[in-house]
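The block underneath contains the structure these notes are about, expressed in structure tokens.
Residue numbers (this note's numbering), protein chains in the order written: chain V, 1 to 268; chain A, 269 to 536; chain Y, 537 to 804; chain P, 805 to 1072.
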């Protein structure tokens, strides 16, 4: 049974994030705030007020080019995130979320807020009934993380916290914990206490050394189904008569390590 | 602000799908129905009634082995789907959902229900506020699709329909349409009418010929941002002192083709 | 039984090609000709006469850096080839040579001389008892091809020829024919006449369309064991405590298509 | 200038290795010895005497099938090698030979003879003017290695030796040393003494741990240009109207580590 009202198009509202995507494939992620003039590469800044009430998919003409107003996908939000530090690639975010069983209603802890790009992916997934608790070591949380999450309209689903390595988490019985930190093995005990029985941990690290050490620490602490994956994404140019893969690709983003926390035997 | 009650563990309820995962990594997806005896490889069938009220993550001992009761991830549901036809791989489902901007609240059409494995992924993602309308050519929909969706507890978010190629869809203004059929170019006109402005189409096909032809048909019909990807997944054995990639991997599942439907100019 | 005189080191002789490889990994392929001053990035040009009689592996100090005099590998010769057109990557050259059974003594035809980078690889392999006949459409063969082959000291093993598409080749009964041209299917008849029974053909092309069409043309003309491959090469940074794959890699060079020419039945 | 006599076809001689390749793609590597009856899957054993004097590429008809007599490529010799231990894959052998600058005339040491499959590749490459010295720890060299090299007609270019780890090698000033052993770092000192200035070392290992440790040991011992690679090979089914990559591929064979030995400063 369906539970949403059919509509012909989706309308841009004040406060929405819009992806202005030009035909030369340059694109801008713009928050629609009255009075804002968006700077673009092919003409004078555009007054975004004109977009309010317009349908997504609308073509806009600028001084020296034209583009389309699109509703940003998770990939757009993540790749356009303002950032001070490294990003999580959308291909990895999507995969780990699926593999860690994260879904609407999940309560998730993230360790290592960074730019908030993974935070956005997690928040969008757990909404509307779940929540993301994102922890970082730094006392002054990167402004970018807050900004990115706010721009994605996901503030209600994210709580930013500060914490030192190996401190306990405030939450218990969470469904999943994602670690995006250089020495994740230092957090195994805290992770174990915070996860529900059958809950899942994910660690993202660039080197073999890190996933090996984390895998061993997880096994030594009773975690099961410890496994690691990498994903390679390649673009194919699909064009009549001359279809081929692109010449450049990303060789490596991060390794993803997954494990399951069995029920604490004292609770068996 | 959070909006879910913390709990220490998650309890198994009657009707839940449970993944019984053995330490030798054999696993079974079992629907917890009173009176059911689950057949396993290492002992006599197990009476599942005992699981009701138990927490996920609990260890269970069988005649010749032991395992854990886990809440199935989307990957588990998809890989364990009863099937008559080919499956969609979780790595591709997660990626295309992210790239097509599908999220809670999305209204999505799927063309080619198959085993319902992608249907489940879509339904889990759009829940609780969205809906999946899944169409197939066959008059007697594959029983497996219904069964798989039901077992995943996603019936409320899926409507199964029958339809002939190139018929109009019942819905309009949908956010995304996923095509998993051998000749997707035959559906471009119907897809265009059913999508909202800025809505997205995804086509899954195994051969270069198919994505090339579909890409050209989409471009010829005014679709923008036409792009294609493939994803390769490789497992890494992360073990102390001897970490390496596994020897076998899947070389190819499907190519994914993405495009955006601009707003119909008459609605500009 | 061995048949070469042991020597402690290998000495640089006039006329040799030398790879001057700096510690910052910049490298230069330099032909050792008396009186030549090699331009480098970290100091004044170097007079190469000083290198004659020196052993390979010797360290040389320049104004603002130091480097080593190395004997160029086939990879160095190919990657440093002066070029007007695209190159063949060493990974593909090595693979196709192995797979096409090309070895010392082979008589090989190359169609599409280009920069001569594959020509060098073929010549080095068939030497000292074989020969490479390399054909190009252009009447004025690219000076680069001659230069590259000469610098590699392989002139004796290469004959450059000019020819129009689908003309017969001058040679018959050759062991292998390598095609590096955009429309290889136009050459199948000529290739068939020139190959010995059991001889092998290789086609290098960037698009699926090309290898598909060529594969079909080969099959239609009685070729057997028609198969296609692609090779992906990834660098691993092997460093104590922080080993990982590199972030960028080449996503695609060319597809390689292989086939075998059965014996002409009239010769059975 | 060419230096080989043109011939229409290549004739099978007694003692040749022949690949009998059936149309169902089953193939057999058979040494043509008078009186031998080759066992096949589709009929009674075939008397190979009939093949002597026949041209390669000839079609042969057996009881329940037909096939072709082909001259084996290096890939065929390697993949069909009788083996007790693991093999080196042709894709890796071809690549490392190219990257290590091994060519006709090279003097090469191999450590870890194994089945002799890499030995054959090296021998075929260095012939006719070079030599391969292959060392193994075992006192009774695997009969397979001898047999494989003999069958490939490469006896003249290979010397089998026995040696304990870290003993000096009998040779000095060699062009390249290939290590295919589990703890290659134990050999670095011996390798250094045996290589000529500018000579190259290659280590083949399956785990990250091994290449990391070897890389560090090489750097600590003054080796330069230390780099590591992996190669992934994927088959493409090139067929009219339905071209796609195959579904299964090999995920990992070995990592290849390369380094260059600078000239011993005392010889500068």
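All residues carry an ideal CB built from backbone N, CA and C; glycine is no exception.
Name the one or two DSSP bridge partners that residue i has.
i                       : result
residue 569 of chain Y  : Bridge partners of residue 569 of chain Y: none, in fact.
residue 1069 of chain P : Paired residue(s): none; residue 1069 of chain P is not in a bridge.
residue 1007 of chain P : P/983 and P/1061
residue 1053 of chain P : A/517
residue 136 of chain V  : V/162
residue 282 of chain A  : Bridge partners of residue 282 of chain A: none, in fact.
residue 557 of chain Y  : Y/563 and Y/604
residue 311 of chain A  : A/308
residue 935 of chain P  : P/911
residue 865 of chain P  : P/870
residue 591 of chain Y  : Y/547
residue 419 of chain A  : None; residue 419 of chain A has no bridge partner.
residue 852 of chain P  : Residue 852 of chain P pairs with nothing; no bridge assigned.
residue 978 of chain P  : P/999
residue 244 of chain V  : V/237
Against residue i, what residues of chain P qualify as contacts under a CB-to-CB distance less than 8 angstroms, listed in chain order?
i                      : result
residue 511 of chain A : 1011, 1012 and 1013
residue 764 of chain Y : 1039, 1040, 1041 and 1042
residue 636 of chain Y : 877
Show which residues of chain A have a CB atom less than 9 angstroms away from the CB atom of residue i.
i                     : result
residue 21 of chain V : 492, 493 and 528
Below 7 angstroms on C-beta distance, what does residue i contact in chain Y?
i                      : result
residue 270 of chain V : Given that chain V is displayed from residue 1 to residue 268, the structure contains no residue 270 of chain V and the question cannot be resolved.
residue 246 of chain V : 787 and 788
Please list, in chain order, the chain V residues whose beta carbon lies closer than 8 angstroms to that of residue i.
i                      : result
residue 365 of chain A : 94
So which residues of chain V does residue i contact, with C-beta pairs closer than 7 angstroms?
i                      : result
residue 484 of chain A : 240
residue 299 of chain A : Those within 7 angstroms of residue 299 of chain A in chain V number zero; the least Cβ separation is about 17 angstroms.
Output, in chain order, the set of chain V residues within a Cβ distance shorter than 9 angstroms of residue i.
i                      : result
residue 386 of chain A : Simply none; closest approach about 12 angstroms.
Which bits of chain P does residue i rub up against, with CB to CB less than 9 angstroms?
i                      : result
residue 639 of chain Y : 877, 878, 928, 929 and 931
residue 799 of chain Y : 813, 858, 859, 860, 861, 862, 863, 872 and 873
What does residue i reach in chain Y if we use C-beta pairs closer than 9 angstroms?
i                       : result
residue 1035 of chain P : 627, 631, 767, 768, 769 and 770
Find the residues of chain P that neighbour residue i, judging by a C-beta separation of less than 7 angstroms, and give them in chain order.
i                      : result
residue 791 of chain Y : 1040
Please list the partners that residue i has in chain A, where partner means a Cβ-to-Cβ separation under 8 angstroms.
i                      : result
residue 110 of chain V : By Cβ distance, chain A contributes nothing, its closest Cβ being about 14 angstroms from residue 110 of chain V, past 8 angstroms.
Under 8 angstroms: do the segment 1045–1062 of chain P and the segment 515–525 of chain A share three or more Cβ pairs, one atom per stretch?
In this structure the segment 1045–1062 of chain P lies against the segment 515–525 of chain A, because at least three pairs of beta carbons, one per stretch, are closer than 8 angstroms.
What alpha helix (DSSP H) runs, 4 residues minimum, are completely inside the segment 73–107 of chain V?
For secondary structure counted as the alpha helix (DSSP H) over 4 or more consecutive residues, the segment 73–107 of chain V holds these complete runs in sequence order: 74–79 and 90–99.
What residues in the segment 995–1013 of chain P bring their beta carbon closer than 7 angstroms to a beta carbon of chain V?
When C-beta distances to chain V are compared with 7 angstroms, the residues of the segment 995–1013 of chain P below that value are 1012, in chain order.
Counting only Cβ-Cβ distances shorter than 9 angstroms, please list the residues of the segment 52–76 of chain V near chain A, keeping chain order.
Here the close residues are 54, 55, 56, 57, 58, 59, 68, 69, 70, 71, 72, 73, 74, 75 and 76.
Report the residue ranges of all alpha helix (DSSP H) runs contained in full by the segment 727–771 of chain Y; include only those spanning at least 4 residues, in chain order.
DSSP runs (the alpha helix (DSSP H)) wholly in the segment 727–771 of chain Y: 744–756.
Contact between the segment 650–661 of chain Y and the segment 675–690 of chain Y (3+ Cβ pairs under 8 angstroms):
Yes, since at least three Cβ pairs between the segment 650–661 of chain Y and the segment 675–690 of chain Y fall closer than 8 angstroms, the two stretches touch.
Residues, ordered as in the chain, of the segment 8–20 of chain V that lie near chain A by beta-carbon distance below 8 angstroms
For the segment 8–20 of chain V, the residues whose beta carbon sits under 8 angstroms from a beta carbon of chain A are, in order, 8, 9 and 10.
Segment contact, 8 angstroms Cβ cut-off, at least three pairs: the segment 992–1004 of chain P with the segment 582–602 of chain Y:
The segment 992–1004 of chain P makes contact with the segment 582–602 of chain Y, as at least three CB pairs between them are under 8 angstroms.
On the three-pair Cβ rule with 8 angstroms, is the segment 1006–1019 of chain P touching the segment 966–978 of chain P?
No, they do not touch.
Check whether the segment 327–338 of chain A touches the segment 296–311 of chain A, taking contact to mean three or more Cβ pairs, one atom from each stretch, closer than 8 angstroms.
Yes, they touch.
Check whether the segment 769–777 of chain Y touches the segment 718–725 of chain Y, taking contact to mean three or more Cβ pairs, one atom from each stretch, closer than 8 angstroms.
The segment 718–725 of chain Y and the segment 769–777 of chain Y do not touch, with fewer than three beta-carbon pairs separated by less than 8 angstroms.
Counting pairs of Cβ atoms below 8 angstroms between the segment 688–696 of chain Y and the segment 665–677 of chain Y, do you hit three or more?
A contact between stretches requires three or more CB pairs, one per stretch, nearer than 8 angstroms, and the segment 688–696 of chain Y meets this requirement with the segment 665–677 of chain Y.
Near-chain A residues of the segment 167–190 of chain V (beta-carbon distance less than 9 angstroms), N- to C-terminal order
Listed by position along the chain: 171, 172, 173, 174 and 175.
Pairs of beta-carbons, one from the segment 550–566 of chain Y and one from the segment 75–94 of chain V, closer than 8 angstroms: are there three or more?
Contact fails: fewer than three Cβ-Cβ distances are below 8 angstroms.
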